[in-house]
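Visitor: What follows is a single structure, and I will ask about it in a moment.
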Amino acid sequence: MEKGHNIHSERLYSLDALRGFDMFWIMGGAGIFTGLATLTNWAPLNWWADQLKHVQWQGFRFYDLIFPLFLYIAGISFPFSLAKRTALNQSRKSIYRHVIFRGLILVFLGILYNNAVRFNLAGLRYGSVLGRIGLAWMFAAIIYMNTKLTLRIVWFWVILAGYWLLLLLFPAHDLGSSDPFSQTGNLASYIDRLLMPGKLLLDNHDPEGLLSTVPAIGTALLGMLTGDFMRSGYQADKLIRKVTIMVIASVFLIVLGKIWDTVFPINKNIWSSSFVCFAGGLSLLLFAIFYLVIDVWKFRKWAFFFVVIGLNPITIYLANRIINFRHAADFFFGGFTAILPETWHGLIGGIGLTTIGWLFLYFLYKKKIFLKV
Numbered sequence: 070m071e072k073g074h075n076i077h078s079e080r081l082y083s084l085d086a087l088r089g090f091d092m093f094w095i096m097g098g099a100g101i102f103t104g105l106a107t108l109t110n111w112a113p114l115n116w117w118a119d120q121l122k123h124v125q126w127q128g129f130r131f132y133d134l135i136f137p138l139f140l141y142i143a144g145i146s147f148p149f150s151l152a153k154r155t156a157l158n159q160s161r162k163s164i165y166r167h168v169i170f171r172g173l174i175l176v177f178l179g180i181l182y183n184n185a186v187r188f189n190l191a192g193l194r195y196g197s198v199l200g201r202i203g204l205a206w207m208f209a210a211i212i213y214m215n216t217k218l219t220l221r222i223v224w225f226w227v228i229l230a231g232y233w234l235l236l237l238l239f240p241a242h243d244l245g246s247s248d249p250f251s252q253t254g255n256l257a258s259y260i261d262r263l264l265m266p267g268k269l270l271l272d273n274h275d276p277e278g279l280l281s282t283v284p285a286i287g288t289a290l291l292g293m294l295t296g297d298f299m300r301s302g303y304q305a306d307k308l309i310r311k312v313t314i315m316v317i318a319s320v321f322l323i324v325l326g327k328i329w330d331t332v333f334p335i336n337k338n339i340w341s342s343s344f345v346c347f348a349g350g351l352s353l354l355l356f357a358i359f360y361l362v363i364d365v366w367k368f369r370k371w372a373f374f375f376v377v378i379g380l381n382p383i384t385i386y387l388a389n390r391i392i393n394f395r396h397a398a399d400f401f402f403g404g405f406t407a408i409l410p411e412t413w414h415g416l417i418g419g420i421g422l423t424t425i426g427w428l429f430l431y432f433l434y435k436k437k438i439f440l441k442v
């Protein structure tokens, strides 16, 4: 172990908080702010409510950050996990087994999330958010374990540049489009139509398809590079300077993403290389801010709400699908919506859904029950 690698041996509170912040929006937070916008019709809230919707194809809104931010955070965690397993004298074979098992179990959970227990194999949707996280993280982890810093950086840029060139040079013409970045004309969608079993989410395209998972490896790898930087002894005694370096790197990625957008549009649906840079820069910036406030300045109490969520992210993601939190929220909060004007309904519903979900996670937190894959 290199000198200085023990400076972050304890769990990063900021990382749990950021993960919880990320999940907050899909467990009811978006409904709260959309409800506030409906209630107040205040221009800034209306703008923010609009940010809590995905773009249809090209472009970017805040809601498009949630998925890559989660994958990026999963990447940050891996260097810490690898160091811990290495310190426990686990063999590389054992670590590889864990990495591959984790990746494949997330693919399975993603299929289960999409389809519940169904036996019509032709009608199943195999692409999923959890599946992409599992595969992208798994391949990024394998790259990380077999390379040093310089080669990891090379891998990151080769993945992004290679994906761009593939889509640019080999457009799909089977549905009549000549635009290599359109929904019907891009190579990633064509490969999904050609090779992906089951059904595609958008009939002619799946946003969690096969080829578009490759650049997502870059997102996970960027997180691992960040985790590597956090573990290193570089600037360990000057944490503000360390934060500054992360902010500078984040601005570079954001600007590069916007420049790349002019020739390869920012697009979550095909996980474009410009999207990886732009979303990655925003993710790094958010992490730097959370790390500065929580782990450097030690302002932690406010973050507990998010930490409770962040310690059980897969649990709440699956529970939102399996458990009818809306029914429970209506049971406890439905009386308020019945006596209040309709403009209040969205806000009360969002608060109710978030409250029920958070209390469920708090119960698990107090019982020290954490679903880990």
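Just so we're aligned, residue 70 is where the sequence shown starts under the working numbering, counting upward by one. Note that CB positions come from ideal geometry on N, CA and C, so glycine has one too. None of these values were measured; they are calculated from a predicted model.
Can you give the Cα-Cα distance for GLY379 and PRO148, rounded to whole angstroms?
Guide: On the sequence shown, position 310 is the one that residue 379 refers to. On the sequence shown, position 79 is the one that residue 148 refers to. The alpha-carbon atoms of GLY379 and PRO148 are separated by roughly 18 Å.
Visitor: Indicate the three-state DSSP secondary structure (helix, strand or coil) for SER78 in the structure shown.
Guide: To locate residue 78, count along the sequence shown from 1; it is residue 9. Summary for SER78: the model assigns pLDDT 46, below 50, so the residue's position carries little reliability; its value from the coordinates is reported in the next sentence. In this structure, SER78 counts as coil in the three-state DSSP scheme.
Visitor: Just checking, does the segment 365-376 make contact with the segment 386-405 on the three C-beta pairs under 8 Å criterion?
Guide: Because the criterion of three Cβ pairs below 8 Å is not met, the segment 365-376 and the segment 386-405 do not touch.
Visitor: Output yes if chain D places a C-beta closer than 8 Å to the C-beta of SER342; else output no.
Guide: Looking at the structure shown, chain D is missing, and only one protein chain is on hand.
Visitor: Buried or exposed: where does ALA191 fall if 16 or more other Cβ atoms within 10 Å of its Cβ makes it buried?
Guide: On the sequence shown, position 122 is the one that residue 191 refers to. With fewer than 16 Cβ atoms within 10 Å of its Cβ, ALA191 is classed as exposed.
Visitor: Reducing DSSP to helix, strand and coil, say where GLY267 ends up.
Guide: Counted from its first residue, the sequence shown places residue 267 at position 198. DSSP places GLY267 in strand when its eight states are reduced to three.
Visitor: Less than 6 Å between C-beta atoms, sequence neighbours within five positions excluded: which residues of the same chain meet that for PRO382?
Guide: Along the sequence shown, one-based indexing puts residue 382 at 313. Taken in chain order, the residues that qualify are ARG88 and MET92.
Visitor: Can you check whether the CB of GLY128 is closer than 8 Å to the CB of ILE339?
Guide: Taking the first residue of the sequence shown as 1, we reach residue 339 at position 270. Taking the first residue of the sequence shown as 1, we reach residue 128 at position 59. No, Cβ-Cβ distance for ILE339 and GLY128 is not below 8 Å.
Visitor: Spell out the partners DSSP gives ARG194 in its beta bridges.
Guide: Along the sequence shown, one-based indexing puts residue 194 at 125. Answer is GLY267.
Visitor: Can you give the Cα-Cα distance for LEU279 and SER258, rounded to whole angstroms?
Guide: If you number the sequence shown from 1, residue 279 lands on position 210. If you number the sequence shown from 1, residue 258 lands on position 189. LEU279 and SER258: Cα-Cα distance of roughly 9 Å.
Visitor: Assuming TRP233 contacts SER342 under a Cβ cut-off of 8 Å, what Cβ separation, rounded to an integer in Å, is found between them?
Guide: For this step, residue 233 is matched to residue 164 along the sequence shown. For this step, residue 342 is matched to residue 273 along the sequence shown. With a Cβ gap of about 5 Å, TRP233 and SER342 count as contacting.
Visitor: Using only the alpha-carbon positions, how far apart do LEU322 and THR313 sit?
Guide: In the sequence shown, the residue the question calls residue 322 occupies position 253. In the sequence shown, the residue the question calls residue 313 occupies position 244. Taking the straight line joining both Cα atoms gives about 14 Å.
Visitor: Report yes if the CB atom of PHE131 is closer than 8 Å to the CB atom of GLN120, and no otherwise.
Guide: The count along the sequence shown starts at 1 and reaches residue 131 at position 62. The count along the sequence shown starts at 1 and reaches residue 120 at position 51. Contact flag set, yes.
Visitor: Unbroken alpha helix (DSSP H) runs of length 4 or more, entirely within the segment 149-237: which are they?
Guide: If we require 4 residues or more, the alpha helix (DSSP H) runs fully inside the segment 149-237 come out as 161-184 and 198-214.
Visitor: Per the contact definition of three or more C-beta pairs closer than 8 Å, is the segment 105-120 in contact with the segment 394-406?
Guide: The answer is no - the segment 105-120 does not touch the segment 394-406, with fewer than three Cβ pairs under 8 Å.
Visitor: Assuming the contact rule is C-beta atoms closer than 8 Å, PHE375 and ALA86 should be a hit. Round their C-beta distance to whole Å, please.
Guide: Numbered from 1 along the sequence shown, position 306 holds the residue referred to as residue 375. Numbered from 1 along the sequence shown, position 17 holds the residue referred to as residue 86. About 4 Å separates the two Cβ atoms, so the contact holds.
Visitor: As an exercise, report each continuous alpha helix (DSSP H) stretch of at least 4 residues that is fully enclosed by the segment 325-373, in chain order.
Guide: If we require 4 residues or more, the alpha helix (DSSP H) runs fully inside the segment 325-373 come out as 342-359.
Visitor: Taking the alpha-carbon of THR288 as reference, which of GLY254, SER352, GLY418 and ILE309 has the nearest alpha-carbon?
Guide: As a first step, residue 288 must be located in the sequence shown, where it is residue number 219. THR288 has its Cα closest to that of SER352, out of GLY254, SER352, GLY418 and ILE309.
Visitor: Please classify HIS396: does DSSP put it in a helix, a strand, or coil?
Guide: Taking the first residue of the sequence shown as position 1, residue 396 is located at position 327. Of the three classes helix, strand and coil, the one that applies to HIS396 here is helix, per DSSP.
Visitor: Could you round the C-beta distance between SER146 and GLY296 to whole angstroms and report it? I think they count as a contact, below 8 Å.
Guide: Mapped onto the sequence shown, residue 146 falls at position 77. Mapped onto the sequence shown, residue 296 falls at position 227. Contact flag correct, Cβ pair sits at about 7 Å.
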